[in-house]
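Numbers given in this note's numbering equal positions in the sequence shown, counted from 1, plus 7. The beta-carbon is built from N, C-alpha and C at its ideal position, and this holds for glycine as well. All figures in this text were calculated on a predicted structure; none of them were measured in a lab.
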Amino acid sequence: YERNRMAREIHDTVGHKMTALLVQLQLLREWQKRDSQKADETVGVCETLAREALDDVRLSVRTLQTENDPSLIESLKQLTEDFCKNAGVTTEFAVSGDPAIIPLSLHP
């Protein structure tokens, strides 16, 4: 039951925002040819939609987290590797000190 509820929630929030983002990007392509002010406004709408969709994804993931999920360090390491691969840049990920383990019940 919970899995179906989450799937519906993600579809209803992220799915709709991503669809709206695609429509706005198509409009942007047209506005670039005709009206730079409208194109700039459309870029702003796209940025807002992308941020809102990202916030929705983060909220959905947070509700699915369990105590057995990868640590913050492992998650950051993976995020860094993915970013480097996708952006074509090189970075170095380093951790200093001993990380504190925060119980899931204390996460926001």
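In terms of residues, what are the limits of the alpha helix (DSSP H) holding glutamate 88?
Locating residue 88 in the sequence shown gives position 81, counting from the first residue. 79–94 is the extent of the alpha helix (DSSP H) around glutamate 88.
In this structure, how does DSSP classify glycine 104 when only helix, strand and coil are distinguished?
Here residue 104 refers to the residue found at position 97 of the sequence shown. If DSSP states are grouped into helix, strand and coil, glycine 104 belongs with coil.
In angstroms, rounded to a whole number, what distance separates the CA positions of aspartate 62 and valine 21?
What you label residue 62 is simply residue 55 of the sequence shown in a count that begins at 1. What you label residue 21 is simply residue 14 of the sequence shown in a count that begins at 1. Rounded to whole angstroms, aspartate 62 to valine 21 spans 9 Å at the Cα level.
Pairwise C-alpha distance: aspartate 42 and serine 78
As a position in the sequence shown, residue 78 is number 71, starting the count at 1. As a position in the sequence shown, residue 42 is number 35, starting the count at 1. C-alpha separation (whole angstroms): 48 Å.
Around the Cβ of alanine 60, are there at least 16 other Cβ atoms within 10 angstroms (buried) or fewer (exposed)?
Along the sequence shown, read from residue 1 onward, the residue named residue 60 stands at position 53. By the neighbour-count rule (16 or more Cβ atoms within 10 Å), alanine 60 is buried.
In three-state DSSP terms, what is glutamate 48?
Walking along the sequence shown from the start, residue 48 turns up at place 41. Glutamate 48: helix per DSSP, three-state reduction.
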